[in-house]
Amino acid sequence: MTSSIAHDLPALAMSAVPYAWCAAADFLAPGWARELEATFPDERFTLNERRTGSDKTYRIVMNTIVPPGGVLQQALPAPWQRLCDQLLAAPYREAMARLTGVDLSGALIELTLNRYHPGHWLSPHTDKYPKLVTQLFYFSGAWDERWGGRLQILGGPAASDVVDTVAPATGRTALIVRSERSWHAVEPMREHSPAVRRSLQVIFWASAPLPVAPGRRTEGA
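If you're matching positions, the sequence shown starts at 5 in the working numbering and goes up one per residue.
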């Protein structure tokens, strides 16, 4: 039977150190997680890169499948359709609000597929309002930490301020409540990595996101 995200969320234990966040291994039922990994969409991605003009730099391949407050923009394999249906339904929103203590009743939900290839990264940063909460689901198979690509929970703006890490192995999840001190990053993918880091990012926005600052380069992938 397919697991219910809303049903499983209360089992997560939020941490207050260094800010409100949590992570869990094997959050998704193993069979469903393997289905999602095997059918991870590979089309409609664009390369997004920033080296100047903002508080963070990155190189990521992205595909926004549900824009903020919108509906699914493309046909997806059946396991992904089931997952998106759950994430866009009221029980998930309500369970996330109870877990995080954040009022999400009027929030706009955005769903984005991300891929990090060798040499890709996301520098230390805190998310800006109107972002409220982010949940990440990983679909990268069994992960060797020597490949890089771990989510880094940081105690401050320096890359060395690592408090904890989350490897992007299939079935894992991580959740961050945005604040002025919610520093985090994705460590650079090693050039020798034989794997691709794959994830689904769920963002709750208080209102439409701010315009993208100058300096971002986007091209087909």
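Just so it is clear, CB atoms sit at the ideal spot from N, CA and C, and this is done for glycine as well.
Item, Value
"C-beta atoms of Gly-152 and Pro-192 nearer than 8 Å", "yes"
"Pairwise C-alpha distance: Leu-91 and Ser-8", "10 Å"
"Continuous beta strand (DSSP E) stretch holding Arg-220: start and end", "220-224"
"Residue nearest to Ser-211 in terms of C-alpha spacing, selected from Val-137, Trp-147 and Ala-199", "Val-137"
"For Leu-103 and Pro-14, believed in contact at Cβ under 8 Å, the rounded distance", "7 Å"
"For Ala-24 and Phe-208, the rounded distance between their alpha carbons", "15 Å"
"Whether Gly-219 touches Arg-54 by CB criterion (8 Å)", "yes"
"Identified DSSP bridge partners for Gln-2", "The displayed coordinates of the chain run from 5 to 225. Any statement about residue 2 would go beyond what the structure contains."
"Tyr-96 - DSSP class collapsed to helix/strand/coil", "helix"
"Beta-carbon proximity list for Phe-49, same chain, < 7 Å, skipping 5 on both sides", "Val-65, Met-66, Asn-67, Arg-119 and Ala-225"
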